[in-house]
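Enquirer: The opening position of the sequence shown corresponds to residue 1119 in the numbering used here, with each subsequent residue numbered one higher.
All C-beta atoms, glycine included, are put in the ideal place defined by N, C-alpha and C.
Mind looking over this structure? Questions follow.
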Amino acid sequence: MAQIATIPPAVANELKRFKTNSAPLICQIDKRASPPALKIDSTVLDEDEEFSIETLASNLPDGAPRFVVLAYKPSHEDFPKVVLINWIPTGCEPASSMLHVGTLPAIERLTRYPKARRGLTQPIKRS
């Protein structure tokens, strides 16, 4: 069985309560905690900065995986949808990737979106 990170109640509540009008929620696994624990990463996006997918992609760290929960409104849709992004950049250490992937099903259950996309078909181009 894959090792998974613990999810503290405060983080679990944030994930459960996420709404389509919420700011993006970015989570990372703190490997230094014993046992490893999920925490909210508030360093990726500035509160003053206007959100865009391009800004998110350019601000995500190159060497550490993240879970991103955000509301996205496709141009042909009337209402936004909640999207779970499983960010594992190329070059992550294998132990981090395995811990991240092992924790993904728990995140999917908390966000109630079991059809989360598990990878990208094309790498995101950074400017």
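#1: Determine whether the beta carbon atoms of alanine 1123 and leucine 1156 lie at a separation below 9 Å.
#2: From the DSSP output, in three-state form, read off alanine 1141 for me.
#3: With C-beta atoms as the reference, is valine 1201 less than 9 Å away from valine 1219?
#4: Out of curiosity, what's the CA-to-CA distance linking serine 1160 and glycine 1209?
#5: If you count every other CB in all the chains shown that lies within 10 Å of the CB of proline 1153, and 16 or more means buried, which is it?
#6: If you count every other CB in all the chains shown that lies within 10 Å of the CB of isoleucine 1203, and 16 or more means buried, which is it?
#7: Should threonine 1221 go down as buried or exposed, given a rule of 16 or more other Cβ atoms within 10 Å for buried?
#8: I believe alanine 1189 touches threonine 1138 by the beta-carbon criterion, under 8 Å. Please report the beta-carbon distance rounded to the nearest angstrom.
#9: Between Asn1131, Asp1164 and Pro1126, which lies nearest to alanine 1151 when the distance is taken from Cα to Cα?
#10: Checking 9 Å against the spacing of the C-beta atoms, do leucine 1133 and cysteine 1145 come in under that value?
Expert: Quick look at the numbers:
#1: The residue you call residue 1123 lines up with position 5 of the sequence shown. The residue you call residue 1156 lines up with position 38 of the sequence shown. Less than 9 Å separates the beta-carbon of alanine 1123 from that of leucine 1156.
#2: The residue you call residue 1141 lines up with position 23 of the sequence shown. Here alanine 1141 sits in coil by DSSP.
#3: As a working mapping, residue 1201 is identified with position 83 in the sequence shown. As a working mapping, residue 1219 is identified with position 101 in the sequence shown. Contact: no.
#4: The count along the sequence shown starts at 1 and reaches residue 1160 at position 42. The count along the sequence shown starts at 1 and reaches residue 1209 at position 91. Each residue's alpha carbon lies about 23 Å from the other.
#5: If you number the sequence shown from 1, residue 1153 lands on position 35. Proline 1153 should be labelled exposed.
#6: Your numbering for residue 1203 matches position 85 in the sequence shown. Burial call: buried.
#7: In the sequence shown, residue 1221 corresponds to position 103, counting from 1. So threonine 1221 ends up on the buried side.
#8: For this step, residue 1189 is matched to residue 71 along the sequence shown. For this step, residue 1138 is matched to residue 20 along the sequence shown. Rounded, the Cβ-Cβ distance is 4 Å, consistent with contact.
#9: The residue labelled residue 1151 in the question sits at position 33 within the sequence shown. Checked all of Asn1131, Asp1164 and Pro1126; the closest Cα to alanine 1151 is Pro1126.
#10: In the sequence shown, the residue the question calls residue 1133 occupies position 15. In the sequence shown, the residue the question calls residue 1145 occupies position 27. For leucine 1133 and cysteine 1145, yes; Cβs fall inside 9 Å.
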